[in-house]
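*Asks:*
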Amino acid sequence: MPPGNRWPGPLKPIVARLSGADTRYAAILAGAMIATNLVALITTVAFGRLLHVEGYGELAAILSTFIILSVPGAALQVATAREGSLGHLGEGRQFATTLRRWTITLAFVTLLVTAVSIMLRQPLATIIGVGKDQEWAAAFVPPAACVWILLSIQRGALQATRAYPAVGLSMVAEQVARLVLGAGIAFVVVKSFKVTGAYLGTPLAMLTMSVILGFVLSRRLGKHEKARVAHGLRRLTADAWVAIVGLALIAVLQNVDVIVAQHRLHGTNAGSYAAAAVAAKVVVWVAIGIGFYLLPEAARRHALGQDARPVLRKAMIMTGAVAAPCLIVYAVVPKLLLELAFGDKYSQGAEALFDLGIAMAFLSVCYLSVQLLLAMREVKFLWFLAAVAIIEPAALLFGPGGDSVVGFARTVLVVQVIAATGAFAAAWHASAPPKGGAHLVADADVAAVGGLGSSTTQVPNRANSL
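First residue of the sequence shown: 1, per the working numbering; consecutive thereafter.
Structure follows, in structure tokens:
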């Protein structure tokens, strides 16, 4: 019996649409992201209590800076997943050869960036807004972004081969390693540099997971061979400029408030705000997991000339299912939540938690919409998103109410509503099935996208490309 027939009449079409492989893949990644966030929550609670308010505020600013700098990794994961799913990166051993060449290049770049960052550690610490004791943590932010690029490319390769369980498991394992390594370094090896030690667990965890995924990909694709790579890393980066810019703007919208708080808020307010911001981002983390599924599946539908909006609709429903209970908790017991998670000293952020929760729900809508726009190879939305990303830090630095935790949160909320409204409208319009103006694609693309065997298939003709 089909899944939908077991449900009452009004629910049958809904259940039928949410059944099948597409939803199963999305559920795997969403579940992995939830598990990842549970471990991340344990890590956050542990560091929040052991570092105290000021130290946790500095750690949050350092990690927020890393997230912004790591955007090329997320963009290249997008590009790798898309191009790999279309067969443009080679098949089997040729794909493995391409990945090996990219790994060697990124290893060299990481060593170079590390040397430069160590020399510039003092100005980096000043920009981030942390004290002199955290200069070495600041020095390892850019190198960590380089390691993240490699790890992201490897996950994109797994996405391209539809190895979604491996992607999800790697996310959970990375967070576990971050907790173990960060806590170990901070409180066992170098007790006098707790913030720096807590942060160093992040790049070390990513490096460990990258090595493991290298072996996983080798077994899945086969050993590399002496052959010309199917796609150069420089070319992939150039082709992915839209994704890099788009996701960079999303990263700014998600994290710049925590960095600005280190410069604008006084005393323990910055740390309290950082704790509330982290608690509110549970919804965004789930949306990121669902986005791993959304982009390649939307790209396949788009290449076949199909309507990609059902993919976005499913992603929104699943994200909303997580957002609703979170917002209830934020509204009813915000102070209790922060005190249980971080301690009594963080309770100042309770008044801002509900506003931040709504803001992050809107940011999730914006993020999923941008993922769909990237799958559609759209470009024009970048102008709107860039304007909003410039407005947010300016409003936080110079706007009224920016010297209080609540004022900060409400400014962020207004910005996120604007961003989500514009991005969703653009995504819904761009993903509609074309009424005309199609062109023919070769067998290779068709086979890679949908496994079809016809000589030609009509797909939408989009002028914009990544």
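For each residue, glycine too, the CB sits at the ideal point set by N, CA and C. Here the structure is a predicted model, which means the values were calculated and not measured.
What's the gap between the Cα of L247 and the Cα of I42?
*Replies:* 27 Å
*Asks:* How is the alpha helix (DSSP H) around F292 delimited, first residue to last?
*Replies:* V282 to A303
*Asks:* Could you say which of L50, E58, G31 and S64 lies nearest to V256 if we only look at CA atoms?
*Replies:* S64
*Asks:* Following the continuous alpha helix (DSSP H) through E174, name the residue where it begins and the one where it ends.
*Replies:* Y164 to G184
*Asks:* To the nearest angstrom, how far is it from the Cα of A238 to the Cα of A324?
*Replies:* 39 Å
*Asks:* Indicate whether the contact test is met: 3 or more Cβ pairs, each with one atom in the segment 95-115 and one in the segment 136-146, closer than 8 Å.
*Replies:* yes
*Asks:* Check each candidate in G422, L265, V283 and M119 and name the one with the smallest Cα separation from W518.
*Replies:* In the structure displayed, the chain extends from 1 to 466; residue 518 sits before or after that span and is not available.
*Asks:* Just the C-alpha distance for M206 and P72, rounded to the nearest angstrom, thanks.
*Replies:* About 15 Å.
*Asks:* How big is the Cα-Cα spacing for S404 and N269?
*Replies:* 8 Å
*Asks:* Figure out for me which residue from S272, I391, V412 and F292 has the closest Cα to the Cα of G334.
*Replies:* For the record, residue 334 in the displayed sequence is Pro; it is not Gly. The option with the nearest alpha carbon to P334 is S272.
*Asks:* Taking only three categories from DSSP, how would you classify T411?
*Replies:* helix
*Asks:* Is it right to say A432 is buried, meaning 16 or more other beta carbons lie within 10 angstroms of its own, or is it exposed?
*Replies:* exposed
*Asks:* Within its chain, find whatever has a CB closer than 7 Å to the CB of L69; leave out the 5 residues flanking it on each side and keep chain order.
*Replies:* V141, P142 and A145
*Asks:* Could you please give the first and the last residue of the uninterrupted alpha helix (DSSP H) stretch that includes F354?
*Replies:* Run containing F354: A350 to A375, per the alpha helix (DSSP H) assignment.
*Asks:* In angstroms, rounded to a whole number, what distance separates the CA positions of W102 and F398?
*Replies:* 43 Å
*Asks:* Can you tell me whether M119 is buried or exposed? The criterion is at least 16 other CB atoms within 10 Å of its CB, across all chains shown.
*Replies:* exposed
*Asks:* So, helix, strand or coil for L265, using DSSP?
*Replies:* coil
*Asks:* For I104, does the count of other Cβ atoms within 10 angstroms reach 16, so buried, or fall short, so exposed?
*Replies:* exposed
*Asks:* Work out the CA separation of R234 and T80 for me, nearest whole Å.
*Replies:* Distance between the alpha carbons of T80 and R234 is about 13 Å.
*Asks:* Are the Cβ atoms of I185 and Q77 separated by less than 8 Å?
*Replies:* Here I185 is not near Q77, since their CB atoms are 8 Å or more apart.
*Asks:* Kindly indicate which three-state DSSP category A321 falls into: helix, strand or coil?
*Replies:* Per DSSP, reduced to three states, the secondary structure at A321 is helical.
*Asks:* Going straight from the alpha carbon of V195 to that of A46, what length do you get?
*Replies:* 12 Å
*Asks:* Under 8 Å between the Cβ atoms of G129 and I259?
*Replies:* Their beta carbons are under 8 Å apart, which means G129 touches I259 by this criterion.
*Asks:* Return the first residue and the last residue of the alpha helix (DSSP H) that W123 is part of.
*Replies:* Residue identity check: residue 123 is Pro in the sequence provided, not Trp. Taken as a continuous stretch (DSSP letters only), the alpha helix (DSSP H) holding P123 covers R121 to I128.
*Asks:* According to the neighbour-count rule (16 or more other Cβ atoms, all chains shown, within 10 Å of its Cβ), is Q175 buried or exposed?
*Replies:* Label assigned to Q175: buried.
*Asks:* Determine the direct distance from the alpha carbon of A299 to that of R162, and round the result to whole angstroms.
*Replies:* 13 Å
*Asks:* Do you know offhand how far G214's Cα is from G55's?
*Replies:* 35 Å
*Asks:* So A331 and F354 are in contact, right, with Cβ under 8 Å, and what is the actual spacing, rounded?
*Replies:* 5 Å
*Asks:* Could you give the DSSP three-state label for K488: helix, strand or coil?
*Replies:* Residue 488 cannot be examined here, being either before or after the span of the chain that is shown, 1 to 466.
*Asks:* With a cut-off of 8 Å on the beta carbons, I'd call V322 and V284 a contact; round off their distance for me.
*Replies:* Rounded, the Cβ-Cβ distance is 10 Å, inconsistent with contact.
*Asks:* Starting from Y346, trace the alpha helix (DSSP H) in both directions and tell me its first and last residue.
*Replies:* From DSSP, Y346 is part of no alpha helix (DSSP H); its letter is neither H nor E.
*Asks:* Could you give the residue range of the alpha helix (DSSP H) that holds K194?
*Replies:* K194 to L221
*Asks:* Could you check whether A261 and A75 sit closer than 8 Å to each other, using their CB atoms as the reference points?
*Replies:* Between A75 and A261, the gap from beta carbon to beta carbon reaches 8 Å or more.
*Asks:* Considering just the uninterrupted stretch of the alpha helix (DSSP H) at D239, what are its terminal residues?
*Replies:* Its alpha helix (DSSP H) spans residues L233 to D239.
*Asks:* By how many angstroms is the C-alpha of K345 removed from the C-alpha of L179?
*Replies:* 22 Å
*Asks:* Checking 8 Å against the spacing of the C-beta atoms, do L295 and R82 come in under that value?
*Replies:* yes
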